[in-house]
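Here's the structure we're looking at; comments come further down.
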Amino acid sequence: MAKINYGRMLDEKMAELRKTGEKLSLLLHACCAPCSSHTLLYLYDCFNITVYFCNPNIAPESEYIYRKNELKRLVSELGLNVKIIDEDYDSAPFYALAKGYEELPERGERCRRCIEYRLRKTAETAKKLGANCFTTTLTISPHKDCDFINQCGGNLGDELDIPWLYSDFKKHDGYKHSIDLSKQYSLYRQDYCGCIYSRKAKENG
Ligand code: SF4
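Numbering (the working numbering), first residue to last: 31 to 235.
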């Protein structure tokens, strides 16, 4: 089966919006400041963006707060007109969904559940806010399964009746741009994905 080019899908959508001059309201799930940097700048001229920091997977809580504050600092220093909504720290749903899958490597079932949970929360919140669409910064990461993220987002969009914005933010050197922006704004770049299991895996090499 031919691979779907999600980056091209986003570019075509944005070209359409530029042609009509229409700006859509977008709820953008954000995992951290580095992944949000390129993503926000890339989307900014076509969307009225609200950033949604919903990441109960991140441990410990101090790390969660640090990543969230770095994201707030980035948005403020970029001078963008972007609202941020953050969820209170509540890791219980994450540990419930990860139960039985703690030892799996990244990109396995634990990660699929973790991503599905965060995208579902984003879709539900987008719906409550009356946003036109939702998406996530996660497709910028070369460590994440871009196909899974887009299929999961598309399915949730159908289920909850809110359009999913397909993306692959790695395109056009997006990942490299995020590293350059991280240096420029001295952003904290974590060396583990987020959960306690990914941290342990990193520590154990
Ligand atoms: S490794 Fe990352 S994506 Fe996977 S469960 Fe942990 S925090 Fe979630």
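Where a beta carbon is used, it is the ideal one built from N, C-alpha and C, also for glycine. Everything numeric in this text was worked out from a predicted model, so none of it was measured.
First and last residue of the uninterrupted alpha helix (DSSP H) at residue i
i	result
V105	E91 to L108
N185	C176 to L190
S208	G204 to Q214
E233	I226 to E233
F124	A122 to A128
E154	E139 to L159
M44	Y36 to T50
T69	A63 to L73
Extent of the continuous beta strand (DSSP E) run through residue i
i	result
F59	At residue 59 the sequence reads His, which differs from the Phe that was named. Here the beta strand (DSSP E) through H59 covers L54 to H59.
K113	K113 to D116
C163	C163 to T166
F77	F77 to F83
Rounded Cβ spacing between residue i and residue j (contact assumed at less than 8 Å)
i	j	result
H59	T169	Incorrect: roughly 11 Å between the Cβ atoms, too far for contact.
Y82	I34	Not a contact, Cβ separation roughly 25 Å.
Y222	K232	4 Å
I79	L56	5 Å
C182	I145	6 Å
D121	A89	Reading off the sequence, residue 121 comes out as Ser, not Asp. Contact holds; Cβ gap of about 6 Å.
D175	G37	15 Å between Cβ atoms; not a contact.
A128	C225	7 Å
heavy atom of the ligand GDP below 7 Å from residue i C-beta
i	result
Y215	Inclusion of the ligand GDP in the displayed structure is not the case, the ligand content consisting of the ligand SF4 alone.
**OP:** Flag this pair as touching only if the region 96–110 and the region 133–146 have three or more C-beta atom pairs under 8 Å; answer yes or no.
**Re:** With a cut-off of 8 Å, the region 133–146 and the region 96–110 do not count as touching, because too few Cβ pairs lie within range.
Subject >> Below 5 Å from a heavy atom of the ligand SF4 - residues by beta-carbon >> reply: Those satisfying the condition are, in chain order, N87, E136, R140, C141, C144, C223, G224, C225 and S228.
**OP:** Pair every Cβ in the region 71–81 with every Cβ in the region 176–188, then say whether three or more of these pairs are closer than 8 Å.
**Re:** No, the region 71–81 is not in contact with the region 176–188.
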